[in-house]
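Residue numbers for the sequence shown follow the UniProt record's numbering, so the first one is 1 and each next one is one higher.
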Amino acid sequence: MADTATQTKATTLLRLHQAPELLTVVNVWDVISAKVVADVEGTTALATASHSIAASYGYPDGENIPVDLMLEAVGRIVASTDLPVTADLEGGYGDPAETVRRAIGIGVVGANIEDQMRPLAEAAANVEKIMKAAEQEGVDFVLNARTDAFVKGRDRDQGEVLAEAVERGKAFLDAGAPVVFVPARLDEDQVVTLVDAFGPQRLTMIGIPGVPSLARLQELGVARVSYGPMSQNVALTALQELVEDVHRGGGVPSTMRMLN
């Protein structure tokens, strides 16, 4: 059974998703990135990025990092903050329900779990098992049930892909997930279709160039926008630009902040 602090954070995170105000989470990958994000006024929750954590340890994305190492990294982030933390746990590393149970044990109160386009019955059963495990741990766990319909359907008719995302998302909600993550460069019509199918404050998205503005997504009833590995790439871009400027004879930019 999760401790009282974890239970409270889980309830807080769930309410943040259910509120009419759009929840934005700029993803983190280690303790210092977590502290920098948490210290910005208006930050109400943290989200880890599996791609970014794996890259930090030298692993390619796609469940190549050992689950123990991923959970260790996530646990360090959880221990560094009083904010609720939701973790990107890829497809669950072979046992989604047990991985989530272990994550709850280190204080994680929400998670992305990919369906990886498994047969729908199997994917929905995984959602049900995860939510059952969370119930047994006594937390209002925010499972951000991810469908990879668009990720794996780039070369297919996009109308068919949207219909598949709707079908899978509704199945995940029926299995107990509070929200559904549809990562893609969704246009406004696609967002409207998904929100109409799932209900308001049930769709979560990734904030990539080309999607509607945050203000418009809030108006449309989207629950949350996260940024995946984009935040780490923004940081790495700044690092690479520093190196390029040094090679040109320049140096540290005057806009630098001493954050650690």
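Yeah, the Cβ is synthetic: ideal placement off N, Cα and C, and Gly gets one too.
No experiment lies behind these values; they were computed from the predicted model shown.
| Query | Result |
| --- | --- |
| Whether residue 200 touches residue 14 by CB criterion (8 Å) | no |
| Opening and closing residue of the alpha helix (DSSP H) in which residue 113 lies | Element bounds for residue 113: not the alpha helix (DSSP H) but the beta strand (DSSP E), 110–114. |
| Distance CB(residue 77)-CB(residue 65) smaller than 8 Å | no |
| Alpha helix (DSSP H) segment containing residue 154, residue limits | Taken as a continuous stretch (DSSP letters only), residue 154 belongs to no alpha helix (DSSP H), as it is neither H nor E. |
| Status (buried if at least 16 other CB within 10 Å, exposed otherwise) for residue 131 | buried |
| Touch test, the segment 77–91 against the segment 44–62, Cβ-Cβ under 8 Å, three pairs minimum | yes |
| Counterpart residues of residue 4 in DSSP-defined beta bridges | None; residue 4 has no bridge partner. |
| Which of helix, strand or coil DSSP assigns to residue 286 | The chain is shown only over 1 to 260; residue 286 falls outside these bounds and no answer can be derived. |
| Per-residue burial, residue 82 [other beta carbons within 10 Å of its own, 16 or more giving buried] | exposed |
| Candidates 84, 137, 97, of which the one nearest residue 114 by Cα | 97 |
| Simplified DSSP assignment, three categories, for residue 126 | helix |
| Helix, strand or coil at residue 226 [DSSP, three-state] | strand |
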